[in-house]
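Residue 0 is where the sequence shown starts when you use numbering that gives the first Met the number 0, and the numbers rise one by one after that.
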Amino acid sequence: MSLKDNTHILADSCAFLESVARARIEWRQLAGVKSVAYGVKCVGQEFTDEICILAYVDRKRARDDVNASDLVPEKFDGYRTDVRALPEIVPAVDLGAPRLCDNDRREPIIVGGIQIQTPGKRPADHPSKGCGTLGCIVRKKNDKSRRNVHLLTCAHVLTNNNANNGNKIYHPYAPGNVSKKVQTDAAWDTSIVALGPIDLQSSLQGDTMQLVPGSNPERTVPFFIDAAIARIEIDCTCCFDLCVCKTDAIQVDTRILGLNLDSQIFSDEDRDRITDVRNIITDPSILTETVCKVGRTTGRTFGRITAISPPYENAGEALTNVFEILLVQSPNTPIPPDNKPRNCQGTMSFCEGGDSGSIVVDSRNRAIGLLYGVAPDRLDTWTPDLVAVRYTYAAHIVPVLEKLEIRIPCTKPTNQWCAGAAEAWTPGPPRVVEEFPKDPATQVFASSGVVGNQVTSRVVLEELEGTTVGNSLRDDFQDWHREVMQLIKRKRPVTVTWHRLRGPAFAACAASHLRGETATIPTRIGEVTRGELFERMTAMLRDYGSPGLQDALARHRDILLALGEVETLEEAANILRLLENSRSGAPSAELRA
Numbered sequence: 000m001s002l003k004d005n006t007h008i009l010a011d012s013c014a015f016l017e018s019v020a021r022a023r024i025e026w027r028q029l030a031g032v033k034s035v036a037y038g039v040k041c042v043g044q045e046f047t048d049e050i051c052i053l054a055y056v057d058r059k060r061a062r063d064d065v066n067a068s069d070l071v072p073e074k075f076d077g078y079r080t081d082v083r084a085l086p087e088i089v090p091a092v093d094l095g096a097p098r099l100c101d102n103d104r105r106e107p108i109i110v111g112g113i114q115i116q117t118p119g120k121r122p123a124d125h126p127s128k129g130c131g132t133l134g135c136i137v138r139k140k141n142d143k144s145r146r147n148v149h150l151l152t153c154a155h156v157l158t159n160n161n162a163n164n165g166n167k168i169y170h171p172y173a174p175g176n177v178s179k180k181v182q183t184d185a186a187w188d189t190s191i192v193a194l195g196p197i198d199l200q201s202s203l204q205g206d207t208m209q210l211v212p213g214s215n216p217e218r219t220v221p222f223f224i225d226a227a228i229a230r231i232e233i234d235c236t237c238c239f240d241l242c243v244c245k246t247d248a249i250q251v252d253t254r255i256l257g258l259n260l261d262s263q264i265f266s267d268e269d270r271d272r273i274t275d276v277r278n279i280i281t282d283p284s285i286l287t288e289t290v291c292k293v294g295r296t297t298g299r300t301f302g303r304i305t306a307i308s309p310p311y312e313n314a315g316e317a318l319t320n321v322f323e324i325l326l327v328q329s330p331n332t333p334i335p336p337d338n339k340p341r342n343c344q345g346t347m348s349f350c351e352g353g354d355s356g357s358i359v360v361d362s363r364n365r366a367i368g369l370l371y372g373v374a375p376d377r378l379d380t381w382t383p384d385l386v387a388v389r390y391t392y393a394a395h396i397v398p399v400l401e402k403l404e405i406r407i408p409c410t411k412p413t414n415q416w417c418a419g420a421a422e423a424w425t426p427g428p429p430r431v432v433e434e435f436p437k438d439p440a441t442q443v444f445a446s447s448g449v450v451g452n453q454v455t456s457r458v459v460l461e462e463l464e465g466t467t468v469g470n471s472l473r474d475d476f477q478d479w480h481r482e483v484m485q486l487i488k489r490k491r492p493v494t495v496t497w498h499r500l501r502g503p504a505f506a507a508c509a510a511s512h513l514r515g516e517t518a519t520i521p522t523r524i525g526e527v528t529r530g531e532l533f534e535r536m537t538a539m540l541r542d543y544g545s546p547g548l549q550d551a552l553a554r555h556r557d558i559l560l561a562l563g564e565v566e567t568l569e570e571a572a573n574i575l576r577l578l579e580n581s582r583s584g585a586p587s588a589e590l591r592a
């Protein structure tokens, strides 16, 4: 009897899945067989396009080393079969190893594919330890409130570093952690944003009993998921412990960063966005397609699904209704000399640590899964000459959405798993949003010497011009601030001091206060005081600056030391008046130093 090919399988997928179910019952009696799935056949080191029934074993051995009664048959019900070594799956959370292409950039608009981190100090040489990926923006089911904005990622990402329910999740880093890229790029934005509280009550890292979509008769089976959400406080912006709330303080978009960067097949409405939710639990046709994800560690990668654990009552098996992905060559990229596809880090993997939480989409941007783990190919345990690759594992998206009771905003929704009227979501053209400067310091060191809108600028100028000291400070600032910025960008000792003493963070908080977004400016961030920053930076600029800058610093040293303790613009104006009175000999209140 001839083997049934892909055309036959896709034309009658129900019959194929019934055979997979029978194979599971029979093969589980064979010694060494731990799980049964379906996928594509692997010959040597290469995957073919042939759909087959898969047996996962503890350790793959040569046929001559296996008892004849325990051999997996070469065909079953006329379908091809294959044997694979059971993977050792580990969470794809960043373990802090050096990376080549990490995206730990602070994004002005919160979107999918960006870095997130739970609270807590990480090692200085591994600040990204425990980082994961914000998969996509979701909405809680049947909630029409405008604040119904959540991020979806993996549960193990939001529980990293012993985070608790209600703790804040941050982008890109938690307070106290700074990108290593500041060591080579003085202009690197080190600002952070507290996105909102972690919701661990609805999270799960384990099996959940869910209805198999489309099953007839209906049946409920266990699905493994590793998923959690956090509400994004869109109306609050926090600078460390200081929070001020106003409408749309945090800008959010449903895009996934760079998903369709160089693709010409998507309209502006669909580009970089999830178009729909697709259930692939009982859909073998996905094995013939290319899938994609965007993660904070390996960026955008393309892959093919090589195995799907079918929806049967298999609680306790190693692969409980999940699917497996193998990296393929990215479109429009050079083919390596050895013809082995690699990600931007040079490894043969669809993902690496830190990509956990990424949304997996099909070729039409339909969400199909939530990436949670990675495992090496265990073929090398019995055939040393084979090159090991790494497989990625993802949970089916539909059980994730059902368990967490969330919906995905889609541009072309066709089912109940997309957000709709019940969640006050209407697909439409993307909003036009204002881009922020890449470096918060540019908001403070603007050419006019002030920041923000015209009203804020006028108020600041009036306060400064009300005193002789203020006028002198403003004039010198306008004369020398460009040199200061150049020293910060180009002179390494100045750069290191600025970033180690949290200069960008203090600058961002000052800019926020001057725009009227926060009531005060913090005098301490972490273990660093603003006074310490001013004193050390004054010394650095005096050592490396021009004679003119050195003279200006000498003239205003007492002002800078005094301003290191003020918390508001009004206090700063009062300090300037007190300094002016003290210099003129007029009686004054005690100067706050």
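By construction, the Cβ of each residue, glycine as well, lies at the ideal position given by its N, Cα and C atoms.
Under the three-state reduction of DSSP output, Glu566 falls in the coil class, being neither helix nor strand.
Measuring C-alpha to C-alpha distances from Phe223 to each of Pro398, Leu540, Tyr172, Val137 identifies Pro398 as the nearest. Per DSSP, Gln250 lies in no alpha helix (DSSP H) and is assigned neither H nor E. As summarised for the region 291 to 369, the continuous beta strand (DSSP E) elements at least 3 residues long and confined to that stretch are 298 to 307, 321 to 327, 358 to 360, given in chain order. Every alpha helix (DSSP H) stretch that sits fully inside the region 144 to 178 and reaches 4 residues is listed by chain position as 154 to 157. As computed with DSSP, Gln209 is found in a beta bridge with Val220.
If you look at Ala553, you'll find it in the alpha helix (DSSP H) that goes 546 to 554. In chain order, Thr117, Pro118, Ile197 place their CB closer than 7 Å to the CB of Ala162, counting only its own chain and leaving out the 5 sequence neighbours on each side. In the pairwise beta carbon analysis, the region 40 to 50 is classified as not touching the region 62 to 70: fewer than three pairs are separated by under 8 Å.
In this structure, Leu326 lies near Pro340, with their beta-carbon atoms less than 8 Å apart. The beta carbons of Leu53 and Arg21 sit no closer together than 8 Å. Put simply, of Pro521, Arg556, Thr519 the residue whose alpha carbon is nearest the alpha carbon of Met536 is Arg556.
A Cβ-Cβ distance of about 20 Å is found for the pair Arg254 and Gly353, leaving them out of contact under the 8 Å criterion. When rounded, the separation of the alpha-carbon atoms in Met347 and Leu472 is 57 Å.
The three-state reading of DSSP puts Arg270 in coil, since its state is none of H, G, I, E or B. Gln209 counts as buried, since no fewer than 16 other beta carbons sit within 10 angstroms of its beta carbon.
Between His155 and the set Leu203, Asp124, Gly134, the nearest pair of CA atoms involves Leu203.
Taking 8 Å as the upper bound for CB-CB distance, Thr296 and Asn364 are not in contact here, some 21 Å apart.
Residue pairing by DSSP places Leu53 opposite Ala36, Asp81 in a beta bridge. Counting other Cβ atoms within 10 Å of its Cβ, Val360 reaches 16 or more and is therefore classed as buried. The alpha-carbon separation between Pro283 and Ile136 amounts to approximately 28 Å.
For Gly469, the uninterrupted alpha helix (DSSP H) run begins and ends at 467 to 489, by DSSP. The beta carbon of Leu29 is closer than 6 Å to those of Asp69 in its chain, skipping five residues each way along the sequence.
In the three-state DSSP reduction, Cys100 falls in the coil class, being neither helix nor strand. Nearest in C-alpha terms to Ser178, of all of Arg105, Ala227, Ile304, Asn338, is Arg105. With distances taken between CA atoms, Ile88 lies nearest to Glu351 out of Glu401, Glu351, Asn160, Thr183. Annotation for Ala504: Thr189, Ser190, Ile524 place their beta carbon closer than 7 Å to its own, counting only its chain and skipping 5 residues before and after. When only Cα atoms are considered, Lys40 and Val220 end up about 26 Å apart. Under the DSSP definition of a beta bridge, Glu45 partners with Val42.
Taking every protein chain shown into account, the CB of Arg138 has 16 or more other CB atoms within 10 angstroms, so this residue is buried. Under the DSSP definition of a beta bridge, Leu203 partners with Ala226. Looking at Glu25, Asp4, Arg230, the one whose alpha-carbon comes closest to that of Ile109 is Arg230. Using a 10 angstroms sphere on the CB of Gln114, the tally of other CB atoms reaches 16 or more, which defines it as buried. Counted as a single uninterrupted DSSP element, the beta strand (DSSP E) harbouring Cys135 occupies residues 135 to 139. Pairing Thr413 with Phe349 gives a Cβ-Cβ distance that is not under 8 Å. DSSP, reduced to helix, strand and coil, places His395 within a strand of the structure shown.
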